[in-house]
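Residue numbers (my numbering): 39 to 232. Think of the CB as a built atom: it goes at the ideal place given N, C-alpha and C, for glycine as much as any other residue. Heads up: the structure comes next, in structure tokens.
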Amino acid sequence: MEASATLKFGRISPQKTRLVADLIRGKKADDAVKILSFTQKKGARVLLKILKSAIANAEVKNVEDTELLDVSRVWVGQGPVTRRYKPRARGRADVLRRPTSHITVVVKEDIEAKEEAAVKLAELEAKKARKKAAKKKAAGKKPKAAASKGGKEEKKKEDAADKGKAEAKDKKAGTKTNKEPKAKAKTSKPEKDK
């Protein structure tokens with residue numbers, strides 16, 4: 039969506055205004071406002087007012103986000119030149135030319151940036167949803183781990199229970215299982231006489 043603002047018969051030279059207009063052409067509207075506010079020329083003050091007016095016009099036209107506005111076109115046309123005369127020596131008169139300008143600023147909503155912003159927003163929401171789901175899943179696992187007081191103790195208990203079951207089966211069958219390592223027979227060496 040486009041919005042524009044125009045100044046007719048501005049009391050400034052078109053040549054001087056075009057120097058400043060070239061600074062903001064094609065820039066983001068917010069950046070252009072910053073550039074003009076720090077440019078020390080009369081044309082910058084005039085263009086700043088027109089640019090702010092164009093941004094306000096865009097808001098009236100229901101532009102969703104004014105941060106996505108670009109300065110699409112800026113042109114400075116020549117208005118009528120008023121002539122004054124200044125008396126000089128020997129009865130002569132010099133002509134004073136007072137130029138005027140017609141300045142137009144057009145701001146346009148950047149559709150690509152708008153689409154990129156929408157995609158980023160969708161990605162951000164999806165990421166939040168994944169994090170939330172992961173937190174819920176992790177919250178469900180934590181109480182089980184807290185109740186067991188550690189995996190090693192639980193494993194020892196299970197091993198002891200398995201051992202007891204195996205011994206009970208062996209007793210029923212009448213066989214004895216030795217899970218303990220066999221003791222080595224001690225051999226004594228004969229003592230030497232001195």
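For Val112, which of Ala92, Lys46, Ala59 and Arg130 has the nearest alpha-carbon? Counted from its first residue, the sequence shown places residue 112 at position 74. Comparing Cα positions, the closest option is Ala59.
When burial is assigned at 16 or more other CB atoms within 10 Å of the CB, is Leu16 buried or exposed? With the chain covering 39 to 232 only, the question about residue 16 has no answer from this structure.
Proximity of Asn233 and Ala41 at Cβ, strictly below 8 angstroms: Here the chain comprises residues numbered 39 to 232, so residue 233 is not present and cannot be evaluated.
DSSP beta-bridge partners for Pro52? Taking the sequence shown and counting its residues from 1, the one referred to as residue 52 is at position 14. BP columns for Pro52 are empty, so no partner.
Going straight from the alpha carbon of Thr120 to that of Val109, what length do you get? Here residue 120 refers to the residue found at position 82 when the sequence shown is read from its first residue. Here residue 109 refers to the residue found at position 71 when the sequence shown is read from its first residue. Rounded to the nearest angstrom, the two C-alpha atoms are 31 angstroms apart.
To the nearest angstrom, report how far apart Val71 and Ile88 are at their CA atoms. Locating residue 71 in the sequence shown gives position 33, counting from the first residue. Locating residue 88 in the sequence shown gives position 50, counting from the first residue. Taking the Cα positions, Val71 is about 10 angstroms away from Ile88.
Nearest by alpha-carbon distance to Val143: which of Ile50, Gly48 and Ser91 is it? Within the sequence shown, residue 143 is the residue found at index 105, counting from 1. With distances taken between Cα atoms, Val143 lies closest to Ser91.
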